[in-house]
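Notes to accompany the following structure.
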Amino acid sequence: MSAPRITRARLRDVPGLARVLWSHTRAPGHPRARSPLADLRLLARLVRRDTVWLVRDRRGPAAFLAQRDQQIQALYVHARARRAGLGRALLRRAKDTQAALSIWTPQDNHAARRFYAAEGFVTMGYSDGQGNDEALPEVLMIWSAAPHVPTSRQEAAA
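Numbering (full-length UniProt numbering), first residue to last: 1 to 158.
Structure, rendered in structure tokens:
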């Protein structure tokens, strides 16, 4: 299978980005934090102000990653395209642009946490959810291109 083609999202892509987002956030059991119109406005703001990478498949937008400098603000893969390597490809693109990255992800999203851990991210902190739209407790995960430097003699001896 060839590598997915990754492009910068434009304002005209916002409806497709929304369909990718909604395949996750409008799923049964997921709290609804915003109206569809608010989601469209948020996505348009991300495209205008930040870097939004987009992957399309034969059916249209399939995955996107929104990034502001070292902060990954969103990484979503459409339900129809999950486990096809699109999230990994987008994350690789983000890693190519920065020496370090961070992302907040819901504490109870164990699949996302395993994915980021497999990509070299480590847990650095937790929040109670007051800082996000869904009010869900989150975990902060960090990735660095630099090799790990021991911070103590015990760690260096390990």
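In this text, a Cβ means the ideal position worked out from N, Cα and C, and glycines have one as well. Bear in mind the structure is a predicted one, so any value in this text is a computation, not a measurement.
- Close CB contacts of Q70 within its chain, under the 7 Å cut and outside five residues either way in sequence, are with Q98, A100, L101 and S102 (chain order).
- With a 10 Å radius around the Cβ and a threshold of 16 neighbouring Cβ atoms, Y76 comes out buried.
- According to the DSSP assignment, L11 belongs to no beta strand (DSSP E), since it is labelled neither H nor E.
- Beta-bridge partners assigned by DSSP to S35: none are found.
- Per DSSP, the unbroken alpha helix (DSSP H) holding G87 starts and ends at L86 to T97.
- Between the alpha carbons of D133 and Y126 lies a distance of about 16 Å.
- For the set A146, D96, F121 and L11, the Cα lying nearest the Cα of L43 is the one of L11.
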